[in-house]
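Engineer: Residue numbers (the numbering used here), protein chains in the order written: chain A, 2 to 282; chain B, 397 to 790; chain C, 14 to 220.
Built from N, CA and C at the ideal position, the CB exists for glycine as well.
(1) Anything in chain C within Cβ reach of residue 271 (chain A), meaning under 9 Å, just list it in chain order.
(2) Tell whether a beta-carbon distance below 8 Å holds between residue 62 (chain A) and residue 719 (chain B).
(3) Less than 8 Å between the beta carbons of residue 625 (chain B) and residue 608 (chain B), yes or no?
(4) Hey, quick one: how far does the beta strand (DSSP E) through residue 663 (chain B) stretch, first residue to last?
(5) Taking only the alpha-carbon atoms, compute the straight-line gap between residue 18 (chain A) and residue 16 (chain C) and give it to the nearest angstrom.
(6) What residues from chain C crowd round residue 215 (chain A), counting only those whose CB sits closer than 9 Å?
(7) Closer than 7 Å, Cβ to Cβ, to anything on chain B: give me those residues from the stretch 178-210 of chain A, in chain order.
(8) Got a sec: is the Cβ-Cβ distance from residue 201 (chain C) to anything in chain B below 8 Å?
(9) Could you name the residues of the same chain whose beta carbon sits closer than 7 Å to that of residue 669 (chain B), not counting the 5 residues immediately before and after it, in chain order?
(10) Do residue 68 (chain C) and residue 97 (chain C) count as a contact pair if the criterion is CB distance below 8 Å?
(11) Roughly how many angstroms separate the alpha carbons of residue 102 (chain A) and residue 73 (chain A), rounded to a whole number?
(12) What separation, rounded to the nearest whole angstrom, lies between the Cα atoms of residue 83 (chain C) and residue 72 (chain C)?
(13) Using beta carbons (cut-off 8 Å, strictly below), is residue 42 (chain C) in contact with chain B?
(14) In this structure, how does DSSP classify residue 32 (chain A) when only helix, strand and coil are distinguished?
(15) Between residue 470 (chain B) and chain C, is the shortest Cβ-Cβ distance under 8 Å, so that the two count as touching?
(16) Taking Cβ to Cβ, would you say residue 735 (chain B) is nearer than 8 Å to residue 714 (chain B)?
(17) Apart from the five residues just before and just after residue 700 (chain B), which ones in its own chain have a Cβ nearer than 7 Å to its Cβ?
(18) May I have the straight-line CA-CA distance separating residue 594 (chain B) from residue 36 (chain A), to the nearest angstrom?
(19) Roughly how many angstroms separate the alpha carbons of residue 578 (chain B) and residue 751 (chain B), rounded to a whole number?
(20) For the ligand GDP, is there a heavy atom less than 7 Å away from the beta-carbon of residue 782 (chain B)?
(21) Return helix, strand or coil for residue 538 (chain B), following the three-state DSSP convention.
(22) Just checking: is the beta-carbon of residue 60 (chain A) within a distance shorter than 8 Å of some beta-carbon in chain B?
(23) Taking one C-beta from the stretch 273-281 of chain A and one from the stretch 234-254 of chain A each time, how about it: are there three or more such pairs within less than 8 Å?
(24) Does the CB of residue 224 (chain A) have a neighbour CB from chain C at under 8 Å?
(25) Please report the residue range of the alpha helix (DSSP H) in which residue 567 (chain B) lies.
(26) Entirely within the stretch 172-250 of chain A and at least 4 residues each: give me those alpha helix (DSSP H) ranges in chain order.
(27) Please say whether residue 692 (chain B) and residue 860 (chain B) have beta carbons closer to each other than 8 Å?
(28) With the cut-off set at 8 Å, would you say residue 733 (chain B) and residue 192 (chain C) are in Cβ contact?
(29) Quick check on residue 184 (chain A): buried or exposed, where buried means 16 or more other Cβ atoms within 10 Å of its Cβ?
(30) According to DSSP, residue 470 (chain B) sits in a beta bridge with which residue or residues?
(31) Output the distance between the C-alpha atoms of residue 209 (chain C) and residue 24 (chain C), rounded to the nearest integer angstrom.
(32) Counting Cβ pairs, one atom from each stretch, are 3 or more of them under 8 Å apart for the stretch 105-125 of chain C and the stretch 237-245 of chain A?
(33) For residue 202 (chain A), which residues in the same chain have their Cβ closer than 7 Å to its Cβ, ignoring the five residues on either side in sequence?
(34) Name the DSSP bridge partner or partners of residue 548 (chain B)?
(35) According to DSSP, what are the bridge partners of residue 486 (chain B)?
(36) Helix, strand or coil for residue 41 (chain A)? Go by DSSP, reduced to three states.
Structure (structure tokens):
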């Protein structure tokens, strides 16, 4: 039986999209189930992020701003977890704030878990301020009058009564400002925070918006940048704590290779169909 | 006679706060600290001498901090002489404040060596304060400077760091006010406007669906989308299908309901992903003819665009989130990129809002000129030009 | 009369909002705080109005019957359950909300976002073609970055990360900055046109 390969190739262009979805699902699930190992070479951006955290000393205060919710937590939570662990390991202290209403609860439970594992006590080693809307206003106010925008923390304690925050001045207190964000808050922190806080700013972002912040890194507006699952995995490697992101990277690898394969097959089908149209029967 | 001369020599050093310790048999021998009785003004010791009483700071200046609401005061001083001499026991400085020259002075902050300035951010605007700087020694001694004051924190009515921003706004305002509409034959029509007109002018099976983004009403992308919405409604008013608007933000919904009525406005949910889910369901059950996704949107833009594609609708997309634009390009029949979002609405207006395109063109030319000058300034080290475009923050 | 008064009120408030940015004095901070207070109040009121409109529409759909009746009933039921959960006394309210958040909202959000991966596969298969010069550039750039972002890709194509880095740091930054400048200028000019009444907030020229 003679097989018209060109026609077969052209018919691939009309493949049911559900088959494509199935292939994507398998490409992601199989590596995760197989727990396959992978390795990454950290980029300069991630190294800048890591170096900024490494410069922290005993007692330094880090301002951590989170703006993500459960939908984007898969990329950003590994970054936050690794960052907080490093901060606590270096003996630094943490003041955290959330700019996403839905993510506020998510972040607090994660921070509490990490603090307990590191033996850190609430009020003296870490404080969670909670959520406020209007991120530019929060960013500006935290730098000049923290008590005005956060008279109490997320648990209702007066900031003036907590050892860590009782003497918070704002701009000069923080040794590092770390922003872990999926939304517009990251850009707000860079625009409104740069220059107001006498501290370097490092940013962890979703993979999709990571490239748009490259310009800020080049102008040294931010000191470090980790973007997406790849960035989170690089940071885990640099911090010596390979964890969720590195494990998930094998799944992302398969998915990316599948997409490249789909580009090749899609183009082959496209040109095969064009050839068939032009060729007289 | 010798003792009289020694005592006379002691007096100047006592006035300057220098240590003058007489050795006795109860103290351990510390020749450098206990037995040297010299006039420090006459002889500079070759070896730094640990001092119980450190030298006071001089030239303490206190001024109201500029460009604030009156809640801060700046202090500047010359470093203590002990620092310059490398005295090992020098510990640092302490900032003291009182409401009157007589005190009582309270400590505000403890600063390490090398610090020659401090900002007190806890002042009440309009109240008078006096300040002292106390130098401290690791051996427990301390010396206060003269009290300086009174100084009051005053709020300024203009932030001088923001002059470049004000200048920029005034230039934009000038261009907006002075740009007039050109005659139609002289106008340059955005290609996106032509394409959009042809899309809206065709007959489509199904309604026209409009999503003004998921941002708030304060988001400029939302304002741009509402401008376009009015033109879409106008174009479809006579013979076209109804325009159904799906909103995520309550304020945007209120604004649209006020202008266009409640019957064709569907408020869904402020949560972007839940909004996408609801829109997907509705669009797949009742496929629209044309879908316009224009405004401030994040990752849900791609979800909405693919939904329209799956339902067989013509999709027009545009978002102010630069990162999402490539996703829209792969899914939409027409993608409005960047400023096209703001220009396409006024450009469709029949009655003279079309000046927006010309305004934008003029502003872009000005920006190009400034960028070119900036490149030259960076090349030749013209620092003041670079500083002119600083952040305007402290 | 109210509509006639709205425009001058909007103009005054818009100008005040711009001016307070330049005034560090307490008076400027007071204006800013009042504007934010009003914004919060208006948003809360608009949310109540929106929810009422949503409920009204779905009640009408339920009464009208048809295929949408089921979905409208589910929507109204979910709204009612969430409302009742908030009225429970004491800790029960926050516990119930936590449960609804963790077991309903979070999975929905995660699922919807994960759909992006599947939609991207069909978009890639459909759109990335050597069909024209821009499409070819898009295809080559996308494939380069796709391969460079994962370890397997870097092993398959040595030194691809060099090209990927150049794409991200070069053309990408240039294009992003250009688009941002355009958006910023257009947003500023549009804001002035709305504040000064040349263009209404919903478009159209105002005489």
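Structural biologist: So, from the listed chains and residues:
(1) The residue you call residue 271 (chain A) lines up with position 270 of the first chain. Chain-order list of chain C residues neighbouring residue 271 (chain A): 142, 143, 144, by C-beta distance under 9 Å.
(2) Walking along the first chain from the start, residue 62 (chain A) turns up at place 61. Walking along the second chain from the start, residue 719 (chain B) turns up at place 323. Their beta carbons are not under 8 Å apart, which means residue 62 (chain A) does not touch residue 719 (chain B) by this criterion.
(3) The residue you call residue 625 (chain B) lines up with position 229 of the second chain. The residue you call residue 608 (chain B) lines up with position 212 of the second chain. Cβ atoms of residue 625 (chain B) and residue 608 (chain B): closer than 8 Å.
(4) On the second chain, position 267 is the one that residue 663 (chain B) refers to. Taken as a continuous stretch (DSSP letters only), the beta strand (DSSP E) holding residue 663 (chain B) covers 661-663.
(5) As a first step, residue 18 (chain A) must be located in the first chain, where it is residue number 17. As a first step, residue 16 (chain C) must be located in the third chain, where it is residue number 3. About 51 Å.
(6) Mapped onto the first chain, residue 215 (chain A) falls at position 214. Within 9 Å Cβ-Cβ: 181, 182, 185, 186, 189.
(7) Hits within the stretch, in order: 184, 195, 196, 197, 209, 210.
(8) Against the third chain, residue 201 (chain C) aligns to sequence position 188. Contact of residue 201 (chain C) with chain B is assigned, a C-beta pair being separated by under 8 Å.
(9) Counting from one through the second chain, the residue named residue 669 (chain B) turns up at place 273. So the qualifying residues of the chain are 696.
(10) In the third chain, counting from the first residue as 1, residue 97 (chain C) sits at position 84. In the third chain, counting from the first residue as 1, residue 68 (chain C) sits at position 55. Result no, Cβ atoms of residue 97 (chain C) and residue 68 (chain C) do not sit closer than 8 Å.
(11) As a position in the first chain, residue 102 (chain A) is number 101, starting the count at 1. As a position in the first chain, residue 73 (chain A) is number 72, starting the count at 1. Each residue's Cα considered, the two are about 14 Å apart.
(12) The residue you call residue 83 (chain C) lines up with position 70 of the third chain. The residue you call residue 72 (chain C) lines up with position 59 of the third chain. One C-alpha to the other measures close to 11 Å.
(13) Numbered from 1 along the third chain, position 29 holds the residue referred to as residue 42 (chain C). Residue-level contact check: residue 42 (chain C) touches chain B, since one or more beta carbons of chain B fall below 8 Å from its beta carbon.
(14) Position 31 of the first chain, counted from the first residue, corresponds to residue 32 (chain A). Note: residue 32 (chain A) maps to helix in three-state DSSP.
(15) In the second chain, residue 470 (chain B) corresponds to position 74, counting from 1. No, residue 470 (chain B) does not count as interfacial toward chain C.
(16) Here residue 735 (chain B) is taken as the residue at index 339 of the second chain, counted from 1. Here residue 714 (chain B) is taken as the residue at index 318 of the second chain, counted from 1. No, these two residues do not count as a Cβ contact at 8 Å.
(17) As a first step, residue 700 (chain B) is located in the second chain; it is residue number 304 there, counting from the start. These residues qualify, in order along the chain: 607, 672, 675, 689.
(18) Within the second chain, the letter at position 198 stands for residue 594 (chain B). Within the first chain, the letter at position 35 stands for residue 36 (chain A). Rounded to whole angstroms, the separation of the alpha carbons of residue 36 (chain A) and residue 594 (chain B) is 53 Å.
(19) The residue labelled residue 578 (chain B) in the question sits at position 182 within the second chain. The residue labelled residue 751 (chain B) in the question sits at position 355 within the second chain. Their backbone Cα atoms lie some 7 Å apart in a straight line.
(20) In terms of ligand content, the structure shown is empty, and the ligand GDP therefore cannot be addressed.
(21) Taking the second chain and counting its residues from 1, the one referred to as residue 538 (chain B) is at position 142. Assignment of residue 538 (chain B) by DSSP, reduced to helix, strand and coil, places it in the strand class.
(22) Position 59 of the first chain, counted from the first residue, corresponds to residue 60 (chain A). Look at residue 60 (chain A): its C-beta is not under 8 Å from any C-beta on chain B.
(23) A contact is defined here as three or more CB-CB pairs under 8 Å, and the stretch 273-281 of chain A fails this definition with respect to the stretch 234-254 of chain A.
(24) Walking along the first chain from the start, residue 224 (chain A) turns up at place 223. So no, residue 224 (chain A) is outside the interface.
(25) Locating residue 567 (chain B) in the second chain gives position 171, where the first residue counts as 1. 559-574 is the extent of the alpha helix (DSSP H) around residue 567 (chain B).
(26) The qualifying runs are 186-189, 215-219, 229-240.
(27) Only positions 397 to 790 of chain B appear in this structure, which leaves residue 860 (chain B) out of reach.
(28) Position 337 of the second chain, counted from the first residue, corresponds to residue 733 (chain B). Position 179 of the third chain, counted from the first residue, corresponds to residue 192 (chain C). For the pair residue 733 (chain B) and residue 192 (chain C), the CB atoms are nearer than the 8 Å cut-off.
(29) Along the first chain, one-based indexing puts residue 184 (chain A) at 183. The Cβ neighbour count for residue 184 (chain A), taken over all protein chains shown within 10 Å, is at least 16; the residue is labelled buried.
(30) To locate residue 470 (chain B), count along the second chain from 1; it is residue 74. Partner(s): B:459, B:515.
(31) Here residue 209 (chain C) corresponds to residue number 196 of the third chain, with the count starting at 1. Here residue 24 (chain C) corresponds to residue number 11 of the third chain, with the count starting at 1. Looking at the two C-alpha atoms, the distance is approximately 6 Å.
(32) Short answer: they don't touch.
(33) As a position in the first chain, residue 202 (chain A) is number 201, starting the count at 1. Excluding the 5 residues flanking it on each side, residue 202 (chain A) has same chain C-beta neighbours closer than 7 Å at 178, 180, 190, 191, 194, 195, 223, 224, in chain order.
(34) Indexing the second chain from 1 puts residue 548 (chain B) at position 152. In the DSSP assignment, residue 548 (chain B) is bridged to B:524.
(35) Residue mapping note: residue 486 (chain B) aligns to position 90 of the second chain, counting from 1. Answer is B:533, bridged to residue 486 (chain B).
(36) Here residue 41 (chain A) corresponds to residue number 40 of the first chain, with the count starting at 1. In the structure shown, residue 41 (chain A) sits in coil (DSSP, three-state: anything other than H, G, I, E or B).
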